[in-house]
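K.L.:
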Amino acid sequence: MSIEPRIAVLAPTPLAVVEATAALTDLKRSEHGDAESGVHIHPGGQGLWMARMARSLGAKVTVVGPFGGELGPLIKTMLTDLDLEVKAVDYPSGNGGYIYELRGGEREVLSHMPPPVLTRHEYDDLYGVALVEGMDADLTVITGCEPADVLPDEFFHRLISDIRSSGGRVVADLSGGPALAAIDAGVDVLKIAHDELIEATLADGESAEKIIAGAKKVIAKGVGAIVVSRAEKPALAVDKDGVRELITPAVTTHEHRGAGDSMTAGIAVALARGEDLTEAARLGAAAGALNVTRGGLGTGNRDTIERIAEHVEIKER
């Protein structure tokens with residue numbers, strides 16, 4: 174495989190994220206002095222955070238998703254500026270977005286505009302573009318929707334099945350119905366959080382033993398491998414060859430959101446380079462560990478992540 178592999182990322186719900194943060198100085202410089210703050214805008218959503226991290230790790234990344242309305246062109250421009258290729262499907266109803274208040278030290282949602290459900294024509298166009306990009310890529314990453322009703326579960330089943338039948342490999346980071354659809358399609362690697370595994374009735378409890386038992390049942394259904402993140406506890410990577418526990422260096426959490434997405438990106442990039450599951454999970458764990466120390470979701474430096482990976486302990490169970 175290429176040292177700079179090509180990865181296609183399906184991002185069904187690209188979002189625009191606006192954040193109000195504390196002002197850089199206490200000096201009041203306008204008539205709105207009490208309201209002065211930092212204002213930041215970012216591309217957001219699971220697929221875009223994942224794509225951004227994959228690019229940071231050295232992959233050539235193509236983002237496939239619907240873009241339109243007032244926010245779509247802005248999101249596309251930001252992605253292009255991040256050196257991500259965008260294959261856009263026209264989305265006249267427009268992308269969604271968030272406005273967050275961070276000045277109090279906590280993340281408060283001031284406004285949320287959910288994206289609309291895709292029409293039949295948008296569905297068909299997104300499917301076709303994602304399929305072709307998946308056929309051409311070294312590996313495809315499939316991410317979910319926010320909210321979940323933007324696409325039906327069968328979209329994910331068909332896409333994963335068709336990419337794999339053409340010889341492509343697929344990593345899916347999904348929950349709920351889409352995760353079950355990915356399992357039924359025999360996805361190569363499923364990344365899922367432990368609570369999502371339980372909610373999908375794939376595991377009977379939170380203990381490592383019950384998570385491992387559930388993961389083995391998923392493998393028995395035809396999935397190549399499953400990586401289960403467990404919040405502050407070590408993640409578990411399971412395939413037909415065994416179970417590995419991924420023990421990362423202890424770090425102070427600054428922002429936990431997006432850590433799982435960064436983990437998926439690391440797994441995908443390593444697999445696309447030709448690494449085995451153990452090394453892919455190691456890089457993914459390192460990317461997730463760095464993510465929690467940063468305020469920017471899906472951000473990080475390749476050299477830093479690869480050096481952290483050297484400190485990730487792999488324990489066979």
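Mapping to the numbering used here: the sequence shown position 14 is 187, numbers consecutive. All residues carry an ideal CB built from backbone N, CA and C; glycine is no exception. Being a predicted model, the structure only gives us computed values, none of them experimental.
1) So, residue 181 versus residue 259, is the Cβ gap smaller than 9 Å?
2) Just to confirm the assignment: which complete alpha helix (DSSP H) runs, minimum length 4, are found wholly within the stretch 204-234?
3) Under the DSSP definition of a beta bridge, which residues are partnered with residue 436?
4) Within this structure, are the beta carbons of residue 287 and residue 325 separated by less than 9 Å?
5) Put residue 264 into one of helix, strand or coil per three-state DSSP.
6) From 343, 398, 476 and 420, pick the residue whose C-alpha is nearest to that of residue 455; which is it?
7) For the beta strand (DSSP E) that residue 274 lies in, which residues bound it at each end?
8) Quick check: what's the CA-CA separation for residue 235 versus residue 412?
9) Buried or exposed: residue 388, going by 16 or more other Cβ atoms within 10 Å of its Cβ?
10) Comparing alpha-carbon positions, which option in 400, 256, 284 and 252 lies nearest residue 365?
11) In whole angstroms, what separates the C-alpha of residue 309 from that of residue 317?
12) Is the stretch 260-273 close to the stretch 282-302, with three or more CB pairs under 8 Å?
13) Grab the span of the beta strand (DSSP E) containing residue 195 for me, first residue to last.
14) Quick one: Cα of residue 424 to Cα of residue 478, how far?
15) Does the Cβ of residue 281 have 16 or more other Cβ atoms within 10 Å, making it buried, or fewer, making it exposed?
16) Give me, in chain order, the residues of the same chain whose beta-carbon lies closer than 8 Å to that of residue 432; leave out the 5 immediate sequence neighbours on both sides.
17) Please report how far the alpha carbon of residue 482 lies from the alpha carbon of residue 443, in whole angstroms.
18) Decide if the stretch 434-454 is in contact with the stretch 372-380; the criterion is three or more beta carbon pairs, one per stretch, under 8 Å apart.
19) Compute the Euclidean distance between the alpha carbons of residue 323 and residue 290, then round it to the nearest angstrom.
20) Do residue 245 and residue 267 come within 9 Å of each other at the CB atom, strictly closer than that value?
P.N.:
In terms of the structure at hand:
1) Taking 9 Å as the Cβ cut-off, residue 181 and residue 259 do not qualify as a contacting pair.
2) Segments of the alpha helix (DSSP H) lying fully in the stretch 204-234: 219-229.
3) Partner(s): none; residue 436 has no beta bridge.
4) Not a contact, by the Cβ cut-off of 9 Å.
5) In the three-state DSSP reduction, residue 264 falls in the coil class, being neither helix nor strand.
6) Distance check between residue 455 and each of 343, 398, 476 and 420 places 420 closest, using alpha-carbon atoms only.
7) Looking at the DSSP string, the run of the beta strand (DSSP E) that includes residue 274 is 269-274.
8) Their Cα atoms are separated by approximately 28 Å.
9) The residue is buried, with at least 16 neighbouring Cβ atoms inside 10 Å.
10) Considering only alpha carbons, the answer is 400.
11) One Cα belongs to residue 309, the other to residue 317, and the distance between them is close to 21 Å.
12) Put simply, the stretch 260-273 touches the stretch 282-302. At least three CB pairs are less than 8 Å apart.
13) Taken as a continuous stretch (DSSP letters only), residue 195 belongs to no beta strand (DSSP E), as it is neither H nor E.
14) Each residue's CA atom was taken as its position, placing residue 424 and residue 478 some 13 Å apart.
15) Of the other Cβ atoms in all chains shown, fewer than 16 fall within 10 Å of the Cβ of residue 281; this residue is therefore exposed.
16) Excluding residues within five positions, the ones whose Cβ falls inside 8 Å are 402, 461, 462, 464 and 465.
17) Rounded to the nearest whole angstrom, the C-alpha separation of residue 482 and residue 443 is 12 Å.
18) As far as the Cβ criterion goes, the stretch 434-454 does not touch the stretch 372-380, which means the pair count is below three.
19) Their backbone Cα atoms lie some 4 Å apart in a straight line.
20) The beta carbons of residue 267 and residue 245 sit closer together than 9 Å.
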